[in-house]
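Peer 1: So the sequences go chain by chain: A and B.
Each residue of the first sequence is one higher than the last, beginning at 15 in the numbering used here.
Each residue of the second sequence is one higher than the last, beginning at 13 in the numbering used here.
The structure follows.
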Amino acid sequence: MTRSLETAAPAAVAQGLRRVAIDPLSRVEGHGKVTILLDAQNRVQQVRLHIVEFRGFEKFIEGRPYWEVPVMVQRLCGICPVSHHLAASKAFDRVVGAVPVTASAEKIRRLMHYGQVMQSHALHFFHLSSPDLLFGFDSDANRRNIVGVAQAHPDIAKKGILLRKFGQEVIRVTAGKRVHGTGSVPGGMNKHVSAEDRAMLRRDVAQMTAWAQDAVGMAKQLHAQNPALYDSFGSFRSSMLSLVRADGAMDLYDGVIRARDAAGQLIFDGASDQGYLDLIEEEVKPWTYMKFPFLKSLGPDLGWYRVGPLARLQNCDFIPSPLAEVERQAFVAWGRGEPIHATLAYHWARMIELLHCIEVIAELLDDPDILSGELMAGGPRRRSGVGVIEAPRGTLIHHYEVGDDDLVTMCNLIVSTTHNNQAMNEAVCSVAREYLDGRELTEGLLNHIEVAIRAYDPCLSCATHALGQMPLDVALVGPGGELMDRLTRSHTGDIVRDLQPPSSPAA
Amino acid sequence: MTPASVPLPAQAGLAPILVFGWGNLSRGDDALGPLFVEKLRAALAGDPRVEFLEDYQLQIEHALDLAGRRQLLFVDASLGCAAPFEVTPLAPARDASFTTHALSPRALLQVFCDVQGETPPPCTLLAIRAERFELGEPPGPAALENLEAALGWASQWLAGHGVKNVS
Numbered sequence: 015m016t017r018s019l020e021t022a023a024p025a026a027v028a029q030g031l032r033r034v035a036i037d038p039l040s041r042v043e044g045h046g047k048v049t050i051l052l053d054a055q056n057r058v059q060q061v062r063l064h065i066v067e068f069r070g071f072e073k074f075i076e077g078r079p080y081w082e083v084p085v086m087v088q089r090l091c092g093i094c095p096v097s098h099h100l101a102a103s104k105a106f107d108r109v110v111g112a113v114p115v116t117a118s119a120e121k122i123r124r125l126m127h128y129g130q131v132m133q134s135h136a137l138h139f140f141h142l143s144s145p146d147l148l149f150g151f152d153s154d155a156n157r158r159n160i161v162g163v164a165q166a167h168p169d170i171a172k173k174g175i176l177l178r179k180f181g182q183e184v185i186r187v188t189a190g191k192r193v194h195g196t197g198s199v200p201g202g203m204n205k206h207v208s209a210e211d212r213a214m215l216r217r218d219v220a221q222m223t224a225w226a227q228d229a230v231g232m233a234k235q236l237h238a239q240n241p242a243l244y245d246s247f248g249s250f251r252s253s254m255l256s257l258v259r260a261d262g263a264m265d266l267y268d269g270v271i272r273a274r275d276a277a278g279q280l281i282f283d284g285a286s287d288q289g290y291l292d293l294i295e296e297e298v299k300p301w302t303y304m305k306f307p308f309l310k311s312l313g314p315d316l317g318w319y320r321v322g323p324l325a326r327l328q329n330c331d332f333i334p335s336p337l338a339e340v341e342r343q344a345f346v347a348w349g350r351g352e353p354i355h356a357t358l359a360y361h362w363a364r365m366i367e368l369l370h371c372i373e374v375i376a377e378l379l380d381d382p383d384i385l386s387g388e389l390m391a392g393g394p395r396r397r398s399g400v401g402v403i404e405a406p407r408g409t410l411i412h413h414y415e416v417g418d419d420d421l422v423t424m425c426n427l428i429v430s431t432t433h434n435n436q437a438m439n440e441a442v443c444s445v446a447r448e449y450l451d452g453r454e455l456t457e458g459l460l461n462h463i464e465v466a467i468r469a470y471d472p473c474l475s476c477a478t479h480a481l482g483q484m485p486l487d488v489a490l491v492g493p494g495g496e497l498m499d500r501l502t503r504s505h506t507g508d509i510v511r512d513l514q515p516p517s518s519p520a521a
Numbered sequence: 013m014t015p016a017s018v019p020l021p022a023q024a025g026l027a028p029i030l031v032f033g034w035g036n037l038s039r040g041d042d043a044l045g046p047l048f049v050e051k052l053r054a055a056l057a058g059d060p061r062v063e064f065l066e067d068y069q070l071q072i073e074h075a076l077d078l079a080g081r082r083q084l085l086f087v088d089a090s091l092g093c094a095a096p097f098e099v100t101p102l103a104p105a106r107d108a109s110f111t112t113h114a115l116s117p118r119a120l121l122q123v124f125c126d127v128q129g130e131t132p133p134p135c136t137l138l139a140i141r142a143e144r145f146e147l148g149e150p151p152g153p154a155a156l157e158n159l160e161a162a163l164g165w166a167s168q169w170l171a172g173h174g175v176k177n178v179s
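What follows is the structure, encoded as structure tokens:
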């Protein structure tokens, strides 16, 4: 693994490249901004993707009573609030000495979490990605959206909506509310699932399972129909990191941390989530607020990694549910003995996880512990706790310290999109090298950059107000630092060529 | 049974009017939508003719909440509208948002059209003028004044649709 993204470091400047510092994004508006730097031979030398992150949220949490935090952190993200709700709860379980929580509490939390991952994956595949996959990467941007899918393929659109709705209902019956749920608390849960709600969910499980199998089939078929494209698009080799269960099974709620290198060999395994700081360090770069995590044992140059469905599916030894395990084996076989590094394989892996989530939900709905049993546990108080969970987009880390007055004195969050920061940059760099033709940006290049970023399902709109206002802004910068071209796609799909520089060169 | 043959569920006993506000309570004036819902819900005190919904942002499954209604009122904070608020009838339309996980209000209506095969109920967007969406800030005084003005308008709007006992 090289660090081609960073060729504008001092050595690169000496080769005639200019270092460019880009103003950070507005966190409220959440633009996707990409800067491509060329060398004197018009080759892509560097790509930087600037995306939103949670800077400031830690300060927002510090000083609050710890018991408020699992509810407050849901306001981080409009798309996966449950992941934050549960990661914070797990961290504060440590603080209140509730390790482990009761069987009922863990099973209800698991039900909530797998419902969350299910609805998020359904949204991503059917709403965000299926337009690219069904209409083609070069099709009209005005058509490549859920509305276009709903018009051309109403059956697919409706499956997506109803799968997502089912996941939302799982969240509602476990968290207590559709949004701003309060079900999970430090030390356990504050309610059981009612028998009526369980019966309501059980009625739809078979249909949801069938539709999830259809979705896996669709993703698999896309790879089979065009393997050259799907295997190579935005592809690069990387390490992968995720939680796994102690026996190596996929586990999205809890486990130990495992990392594999690009060849699939273990870097470490069985590491306690409480010791994440011994494993991971975050690098700060001058051109973005967003940090770049890396594995300490490999250092910043070689230690970056991917998280999320592609990593989870290949990090685990097996999936502990029968239908999804069959699909995992087919997925692994596609790599012919080598790890799969294709960016577009995220979609396939994501749909296998969707199927797994429904299988787990079905199993938990049959478990009497969700209807009754002790909900709260406790023990000796501690000053700090770490909660790690596999959120839809990947590993999510919450770390808190709490004072004797019950107020949070320190908060550190590493969210999934931050783990994938370097990987998304690599994907965009790969696409730019393949599709940038000459010194002018084209709509086709914008389309392909969009598809590459979208595969990671980054949370660009976390906790923002930017409804439908997520322009993509791509700038092409020459070796002398001059802005050569700049294209912006607005939320209406209009493309504007704008040679006003997005920022000032810094050096 | 394919999903295309399954109509989206319209629940029995559904309130004919849906008031749907969205935004983030922890981001300054972005709280206006949920606050509007909270205050109007309290003022109507369980009136069965009106159902309230709040969320962080619009999502595809919200199309299910529109089915079977007679009137829709969407409420959102806006940096682009005139103070104190603007009222706009909404029609379905596409948008081409980039990797956002949320829909525009018009796109949500379009999703409803396409999956239901029918036009959505009449929909009005109430955009309340906002100034700042900073994390951790409460809504500003100007935004709260605009909110009160918008609530006054809503009482009249509801009265025009047969709901007159707003306290």
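Each residue gets a CB set at the ideal place from its N, CA and C atoms; glycine is no exception.
Nothing here was measured: the structure is a model prediction, and the numbers come from that model.
1) Going by DSSP, what residues sit across from residue 273 of chain A in a beta bridge?
2) So, helix, strand or coil for residue 319 of chain A, using DSSP?
3) The alpha helix (DSSP H) that contains residue 299 of chain A, what's its start and end?
4) Three or more C-beta pairs closer than 8 Å, one from the segment 340 to 360 of chain A and one from the segment 212 to 225 of chain A: is that the case here?
5) With DSSP collapsed to three states, give me the class of residue 329 of chain A.
6) Under the DSSP definition of a beta bridge, which residues are partnered with residue 47 of chain A?
7) Which residues, in order along the segment 60 to 89 of chain B, keep a beta-carbon less than 9 Å from a beta-carbon of chain A?
8) Short of 7 Å in beta carbon distance, which residues of its chain neighbour residue 178 of chain A, apart from the five on each side in sequence? Order them along the chain.
9) Would you mind telling me which residues of chain B sit closer than 8 Å to residue 174 of chain A, beta carbon to beta carbon, in chain order?
10) Let me know if residue 338 of chain A comes out buried or exposed under the rule of 16 or more other beta-carbons within 10 Å of its beta-carbon.
11) For a contact defined as C-beta to C-beta under 8 Å, what are the partners of residue 167 of chain B on chain A?
12) If you measure between the beta carbons of residue 85 of chain B and residue 135 of chain B, is that distance less than 9 Å?
13) So, does the CB of residue 141 of chain B fall closer than 9 Å to a CB anywhere in chain A?
14) Strictly below 7 Å CB to CB, what residues from chain B border residue 179 of chain A?
15) Could you check the C-alpha separation between residue 460 of chain A and residue 60 of chain B for me, to the nearest Å?
16) Using a Cβ-Cβ cut-off of 9 Å, state whether residue 481 of chain A counts as contacting chain B.
17) Shortest alpha-carbon distance to residue 443 of chain A belongs to which of A:131, A:250 and A:110?
18) For residue 141 of chain B and residue 90 of chain B, which I take to be in contact (beta-carbon distance under 8 Å), what is that distance rounded to the nearest angstrom?
19) Could you name the residues of chain B that residue 141 of chain A contacts, counting a contact when the two beta carbons are closer than 7 Å?
20) Between the alpha carbons of residue 31 of chain B and residue 103 of chain B, how many angstroms are there, rounded?
21) Grab the span of the alpha helix (DSSP H) containing residue 454 of chain A for me, first residue to last.
22) Are there 16 or more other CB atoms within 10 angstroms of the CB of residue 88 of chain B, so buried, or fewer, so exposed?
23) So residue 254 of chain A and residue 370 of chain A are supposed to be a Cβ contact under 8 Å. How far apart are they, rounded?
24) My understanding is that residue 72 of chain A touches residue 426 of chain A, with C-beta atoms under 8 Å, so please give their C-beta distance in whole angstroms.
25) Spatial neighbours of residue 143 of chain A within its chain, please: C-beta separation below 7 Å, excluding the five flanking residues on both sides.
26) Nearest by alpha-carbon distance to residue 113 of chain A: which of A:510, A:437, A:399 and A:441 is it?
27) Output the boundary residues of the alpha helix (DSSP H) element that contains residue 390 of chain A.
28) How long is the line joining the alpha carbons of residue 75 of chain B and residue 260 of chain A, rounded to whole angstroms?
29) Does the contact criterion of 3 or more C-beta pairs under 8 Å hold for the segment 234 to 251 of chain A versus the segment 417 to 435 of chain A?
30) Given a cut-off of 9 Å on the beta-carbon distance, is the pair residue 96 of chain A and residue 129 of chain A in contact?
31) So for residue 169 of chain A, helix, strand or coil by DSSP?
32) So residue 96 of chain B packs on residue 158 of chain B, CB below 8 Å; how close in whole Å?
33) Determine the burial state of residue 57 of chain B: buried for a count of at least 16 other Cβ atoms within 10 Å of its Cβ, exposed for fewer.
34) If you draw a straight line from the alpha carbon of residue 244 of chain A to that of residue 466 of chain A, how long is it in whole angstroms?
35) What number of angstroms, rounded off, separates the C-alpha of residue 168 of chain B from the C-alpha of residue 220 of chain A?
36) From which residue to which residue does the alpha helix (DSSP H) around residue 509 of chain A run?
Peer 2: Quick look at the numbers:
1) For the purposes of this step, residue 273 of chain A is taken as residue 259 along the first sequence, with counting starting at 1. According to DSSP, residue 273 of chain A bridges with A:255 and A:282.
2) Within the first sequence, numbered from 1, the residue matching residue 319 of chain A stands at position 305. Looking at residue 319 of chain A - three-state DSSP - the assignment turns out to be strand.
3) Translated into positions along the first sequence, residue 299 of chain A becomes position 285. Where residue 299 of chain A is concerned, there is no enclosing alpha helix (DSSP H), although the beta strand (DSSP E) it sits in stretches over 294 to 299.
4) no
5) Locating residue 329 of chain A in the first sequence gives position 315, counting from the first residue. In this structure, residue 329 of chain A counts as helix in the three-state DSSP scheme.
6) Counting from 1 along the first sequence, the entry for residue 47 of chain A is found at position 33. Looking at the DSSP assignment, residue 47 of chain A forms a beta bridge with A:64 and A:487.
7) 65, 66, 67, 68, 69, 70, 71, 72, 73, 75, 76, 88 and 89
8) As a working mapping, residue 178 of chain A is identified with position 164 in the first sequence. For residue 178 of chain A, where only same-chain residues beyond five positions count, the Cβ hits under 7 Å are 133, 136 and 137.
9) As a working mapping, residue 174 of chain A is identified with position 160 in the first sequence. By Cβ distance, chain B contributes 72.
10) Position 324 of the first sequence, counted from the start, is the residue given in the question as residue 338 of chain A. So residue 338 of chain A ends up on the buried side.
11) For the purposes of this step, residue 167 of chain B is taken as residue 155 along the second sequence, with counting starting at 1. In chain order: nothing, as chain A lies at least about 26 Å away.
12) On the second sequence, residue 85 of chain B is found 73 positions in, with the first residue counted as 1. On the second sequence, residue 135 of chain B is found 123 positions in, with the first residue counted as 1. In contact: residue 85 of chain B and residue 135 of chain B (Cβ atoms closer than 9 Å).
13) Taking the second sequence and counting its residues from 1, one reaches residue 141 of chain B at position 129. No, its Cβ sits nowhere closer than 9 Å to a Cβ of chain A.
14) To locate residue 179 of chain A, count along the first sequence from 1; it is residue 165. Ordered by position in chain B, the residues that pass the 7 Å Cβ test against residue 179 of chain A are 73 and 76.
15) Numbered from its first residue, the first sequence carries residue 460 of chain A at position 446. Numbered from its first residue, the second sequence carries residue 60 of chain B at position 48. Taking the straight line joining both Cα atoms gives about 49 Å.
16) As a position in the first sequence, residue 481 of chain A is number 467, starting the count at 1. Any reading at residue 481 of chain A is ruled out, since the residue's pLDDT is 30, under 50, leaving its predicted position unreliable.
17) Position 429 of the first sequence, counting from 1, holds the residue named residue 443 of chain A. Of the candidates A:131, A:250 and A:110, the one whose C-alpha sits nearest the C-alpha of residue 443 of chain A is A:250.
18) The residue you call residue 141 of chain B lines up with position 129 of the second sequence. The residue you call residue 90 of chain B lines up with position 78 of the second sequence. About 6 Å; that satisfies the 8 Å criterion.
19) The residue labelled residue 141 of chain A in the question sits at position 127 within the first sequence. Residues of chain B passing the Cβ test: 72.
20) For this step, residue 31 of chain B is matched to residue 19 along the second sequence. For this step, residue 103 of chain B is matched to residue 91 along the second sequence. Distance between the alpha carbons of residue 31 of chain B and residue 103 of chain B is about 17 Å.
21) Stepping through the first sequence from its first residue, residue 454 of chain A is reached at position 440. Where residue 454 of chain A is concerned, there is no enclosing alpha helix (DSSP H), given that its DSSP letter is neither H nor E.
22) What you label residue 88 of chain B is simply residue 76 of the second sequence in a count that begins at 1. Buried: at least 16 other Cβ atoms inside 10 Å.
23) Counting from one through the first sequence, the residue named residue 254 of chain A turns up at place 240. Counting from one through the first sequence, the residue named residue 370 of chain A turns up at place 356. About 17 Å; that fails the 8 Å criterion.
24) For the purposes of this step, residue 72 of chain A is identified with residue 58 of the first sequence, where counting begins at 1. For the purposes of this step, residue 426 of chain A is identified with residue 412 of the first sequence, where counting begins at 1. That belief holds up - the Cβ atoms of residue 72 of chain A and residue 426 of chain A are roughly 6 Å apart, short of 8 Å.
25) The residue labelled residue 143 of chain A in the question sits at position 129 within the first sequence. The residues are 361 and 468.
26) Within the first sequence, numbered from 1, the residue matching residue 113 of chain A stands at position 99. For residue 113 of chain A, the nearest C-alpha among the options comes from A:399.
27) On the first sequence, residue 390 of chain A is found 376 positions in, with the first residue counted as 1. Counting along the chain, residue 390 of chain A falls outside any alpha helix (DSSP H), and DSSP gives it neither H nor E.
28) Position 63 of the second sequence, counted from the start, is the residue given in the question as residue 75 of chain B. Position 246 of the first sequence, counted from the start, is the residue given in the question as residue 260 of chain A. About 41 Å.
29) no
30) Against the first sequence, residue 96 of chain A aligns to sequence position 82. Against the first sequence, residue 129 of chain A aligns to sequence position 115. Taking 9 Å as the Cβ cut-off, residue 96 of chain A and residue 129 of chain A qualify as a contacting pair.
31) Here residue 169 of chain A corresponds to residue number 155 of the first sequence, with the count starting at 1. It is helical.
32) Walking along the second sequence from the start, residue 96 of chain B turns up at place 84. Walking along the second sequence from the start, residue 158 of chain B turns up at place 146. With a Cβ gap of about 4 Å, residue 96 of chain B and residue 158 of chain B count as contacting.
33) Taking the second sequence and counting its residues from 1, one reaches residue 57 of chain B at position 45. By the neighbour-count rule (16 or more Cβ atoms within 10 Å), residue 57 of chain B is not buried but exposed.
34) Here residue 244 of chain A refers to the residue found at position 230 of the first sequence. Here residue 466 of chain A refers to the residue found at position 452 of the first sequence. If you take the alpha carbons of residue 244 of chain A and residue 466 of chain A, they lie about 11 Å apart.
35) If you number the second sequence from 1, residue 168 of chain B lands on position 156. If you number the first sequence from 1, residue 220 of chain A lands on position 206. Roughly 47 Å separates the two Cα atoms.
36) Residue numbering aside, residue 509 of chain A sits at position 495 when the first sequence is read from its first letter. Not the alpha helix (DSSP H): residue 509 of chain A falls in the beta strand (DSSP E), residues 509 to 511.
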